[in-house]
Amino acid sequence: MSDEVKTNSGISRRQFLKRAAGASAVVAAGTLMTQHGASAQTPPGAPTRWDKEADVVVIGAGCTGLPAAIVAQEAGAKVIVVEAEADIGGHAITSGGNVPLGGGTSAQKKSGIEDSPDLLFKDLTDWSVVQPNGFPDYRYNDKEIIRAFADNSAPTFEWLVAHGVIFIDQPVDTRGGISVGNSVPREMHTAVRHWPMVQTGKPADPTVQMTTSSGNGLMRDLEVAAKKAGVEILLEHRMVSIFRETPNSGRVVGIAVTTKGNRLNIRAKKAVIIGTGGSTGNVNFRRMFDPRLTEEYCGLSGMPWSDQDASGEIAAMAIGASLWGLYNQTGEFGTHITKPGMVGCQYNYRNLQWVPGSRVFNLARASGLRVSNWQNLILVNMLGQRFYDETGDQFSANNAGDVKRYVHGSYLNAANVKYDPRNFLNAAMAGIGDGHNGGGPIWAIFDADAVARQKWRPTPPNVDIDAGFFFSANTLSELASKIVMKYQRVRMPSKNLEETVERYNKFVASGSDLDFGKPGPLYKIAKPPFYAAWATPVIHDTRAGLRINAKCQVQDMNGQVIPGLYCGGESAGGFSQHGLARAACQGYIAGKQAAAEKAI
Ligand SMILES: Cc1cc2nc3c(=O)[nH]c(=O)nc-3n(C[C@H](O)[C@H](O)[C@H](O)COP(=O)(O)OP(=O)(O)OC[C@H]3O[C@@H](n4cnc5c(N)ncnc54)[C@H](O)[C@@H]3O)c2cc1C
């Protein structure tokens, strides 16, 4: 069984550590480090030898990095983008392509929607409760950062269109909206287009290429624009350090990367822009926000295409940068942690299914069994015990029209939100009472009848048997005893699983789940073979990161700008919104500002 974390470049965690150790300076004991070699140890000041140079060096060819690079290059700067993986795109290329840029875009106008930067700003800084679980979605946003987003949101949209990004020709709507403001629809959707999709390795059916939304279209169109503008993109170049003139002061002068076992120094005459995509893939880093997020949460969305290893944050913190807006990561809103959509595979985010043909399928190993009806299974913890109504869902987020009779900044909004307690995540992460912080693996238990109802084929490549994410047996007792894998810290007592299923079957017979109130419940688990499939929650989003200002300049712990250092997207803090819009917009802002810096 392989427990290695691997990414698109095909290099495992162990290989990276080995290479990083060989290639870079010795890392002090106790220094926070990414699994890929970036460390929080203060790097030495400016190196004496530079292997390459540009005016602006962008770290990460994702949704922040590519817009930043194109804007800076077109403003006259020579730009190098370093990308850790073997292809561009980051999480953005795996995304749904739902882009909430508002503030009065031409698409909103065409749809007859009245929006403005001021309305967008008001929406995204509303302090009131607008969430079904009683949370305020926007209370902890930084107003300076939101003002910059509100003012640059529509210009970013027009810029994307002018750079070849094709949005589906349809009215602006709310589909995919997560923390995008209550007042008016702001979602537009990038067309998947004709390129091979990263999930399948094949283009989408020609009949839907202009009507299906996907980040594939967005990022391939931006790649074309970047190349056309003359941006140099260095794939498989992983940033491991950022340099200032002296270790902890002066302007930022460049970065160190590792590539194929070698270490290079790349000088940035004007600025470095961090677009590394966040921190959810770094266990120690993410646990600073939520101690429960231990190693077993290994089903990160967007992986194994690209990782969010906190390398941008850690390298910037090593030269004095501050973090910002941390409550946005811990608050129970949005999609930082999600209910899985598939079971029986490691990478089980509901909107991303890896299938054979994808270039990273060898790393993903299985596609998973998509669950269309949670009545078909029960969820149990490591001890084989149920813990919640399986039809419960995840944290939610505010979207246009979610709160009826909405009044900006009014406590009365709370009265108009329908409270929904059926969020299964906290129960899944509660653990088994043994002092361990994480909830441990969650297993979906089902039988042959469920397989038939769901029309599943519970064999590879749909399920991951070799790595221990799927088990089957002819009896429940045997099934429990078979569940052996890295994250299953204790053996599941066979008796527990048998008793759990027996009790559940009684609830089905009586039509009433006395333990957790599952509606129905509908189906007994009785017909062998029986199955146990990985159904552990998925980590999805980073919503806290480096402290930036309106210009996307990174600041230190005293609120002073670190000259020549910029950041945007999921590695930047202060802005609680899912995804593409904030990343593209902050890339747009950072690219402009970086190009305008004086060269050293
Ligand atoms: C499955 C999925 C669906 C989504 N759907 C939507 C959606 O429909 N709408 C929406 O708004 N958002 C969506 N999102 C979120 C959105 O994709 C991200 O928020 C967005 O891509 C973040 O942009 P970014 O530039 O911060 O990071 P990314 O786009 O992930 O780019 C970061 C890049 O930096 C690279 N990198 C990291 N570390 C280093 C290093 N040390 N050196 C060099 N390169 C490095 C990474 O490999 C990556 O290519 C989705 C995300 C996922 C995973």
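In this note's numbering, the protein residues as written are 968 to 1567. Where is the CB? At the ideal position from N, CA and C, for every residue including glycine.
Out of the options, state which residue places its alpha-carbon closest to the alpha-carbon of residue i.
i, options, result
"glycine 1101", "Met1459, Thr1167, Gln1544, Asn1390", "Asn1390"
"alanine 1499", "Asn1472, Trp1094, Lys1518, Asn1441", "Asn1441"
"lysine 1236", "Ala1502, Val1528, Arg1211", "Arg1211"
"tryptophan 1094", "Ser1538, Arg1470, Gly1148, Gln1008", "Gly1148"
"glycine 1069", "Ser1208, Ala1411, His1156", "His1156"
"alanine 1367", "Arg1153, Asp1416, Ile1037", "Arg1153"
"glycine 1400", "Phe1354, Tyr1378, Val1049, Asp1387", "Phe1354"
"threonine 1001", "Ala1282, Pro1460, Ile1133", "Ala1282"
"tryptophan 1501", "Thr1305, Leu1513, Asn1525, Val1310", "Val1310"
"proline 1425", "Val1451, Gly1182, Ala1333", "Ala1333"
"threonine 1226", "Tyr1264, Val1219, Val1207", "Val1207"
"lysine 1453", "Met1349, Arg1142, Lys1462", "Met1349"
"serine 1584", "Asp1085, Ala1051, Gln1522, Ile1133", "The requested residue 1584 is not part of the displayed model; the chain covers only 968 to 1567."
"glutamate 1299", "Gln1553, Ala1517, Thr1509", "Thr1509"
"methionine 1524", "Ala1288, Gln1560, Val1430", "Ala1288"
"histidine 1130", "Glu1199, Asp1082, Gly1184, Gly1359", "Gly1184"
CA-CA distance, residue i and residue j?
i, j, result
"serine 1268", "glutamine 1352", "26 Å"
"glycine 1546", "leucine 1443", "42 Å"
"lysine 1565", "arginine 1016", "22 Å"
"alanine 1562", "alanine 1117", "22 Å"
"threonine 1031", "glutamate 1041", "16 Å"
"proline 1173", "isoleucine 1080", "31 Å"
"valine 994", "glutamine 1008", "Reliability fails at valine 994, whose pLDDT of 44 lies under 50, so the model's placement of it is uncertain and no value is given."
"arginine 1458", "glutamate 1465", "14 Å"
"lysine 1473", "proline 1496", "20 Å"
"glycine 1407", "cysteine 1312", "16 Å"
"leucine 1189", "glycine 1244", "17 Å"
"proline 1170", "proline 1011", "46 Å"
"lysine 1422", "tryptophan 1126", "45 Å"
"asparagine 1365", "proline 1504", "21 Å"
"alanine 1158", "proline 1067", "14 Å"
"isoleucine 1055", "leucine 1202", "7 Å"
"proline 1214", "leucine 1532", "14 Å"
"isoleucine 1241", "cysteine 1265", "24 Å"
"lysine 1559", "isoleucine 1286", "23 Å"
"lysine 1306", "asparagine 1232", "41 Å"
Would you kindly check if the distance between the Cβ of residue j and the Cβ of residue i is under 7 Å?
i, j, result
"alanine 1551", "cysteine 1519", "no"
"glycine 1029", "isoleucine 1145", "no"
"aspartate 1414", "isoleucine 1492", "yes"
"valine 1151", "serine 1078", "no"
"lysine 1045", "aspartate 1022", "yes"
"threonine 1261", "glycine 1405", "yes"
"glycine 1292", "aspartate 1109", "yes"
Does DSSP put residue i in a helix, a strand or coil?
i, result
"isoleucine 1145", "coil"
"lysine 1306", "coil"
"alanine 1395", "helix"
"glutamine 1166", "coil"
"glycine 989", "Unreliable positioning characterises glycine 989 in this predicted model, as indicated by a pLDDT of 34, which lies under 50. A coordinate reading is not provided."
"aspartate 1416", "helix"
"lysine 1019", "strand"
"alanine 1566", "coil"
"tryptophan 1410", "strand"
"valine 1528", "strand"
"phenylalanine 1300", "coil"
"valine 1610", "Only positions 968 to 1567 of the chain appear in the structure, and residue 1610 is not among them; the question remains open."
"valine 994", "Reliability fails at valine 994, whose pLDDT of 44 lies under 50, so the model's placement of it is uncertain and no value is given."
Less than 8 Å between the CB atoms is what I'm expecting for residue i and residue j, so what's the real figure, rounded?
i, j, result
"valine 1165", "serine 1062", "Not confirmed; about 10 Å, so no contact."
"alanine 1059", "serine 1278", "Contact doesn't hold; Cβ gap of about 17 Å is too wide."
"tyrosine 1107", "asparagine 1295", "5 Å"
"glutamine 1361", "leucine 1336", "Rounded, the Cβ-Cβ distance is 19 Å, inconsistent with contact."
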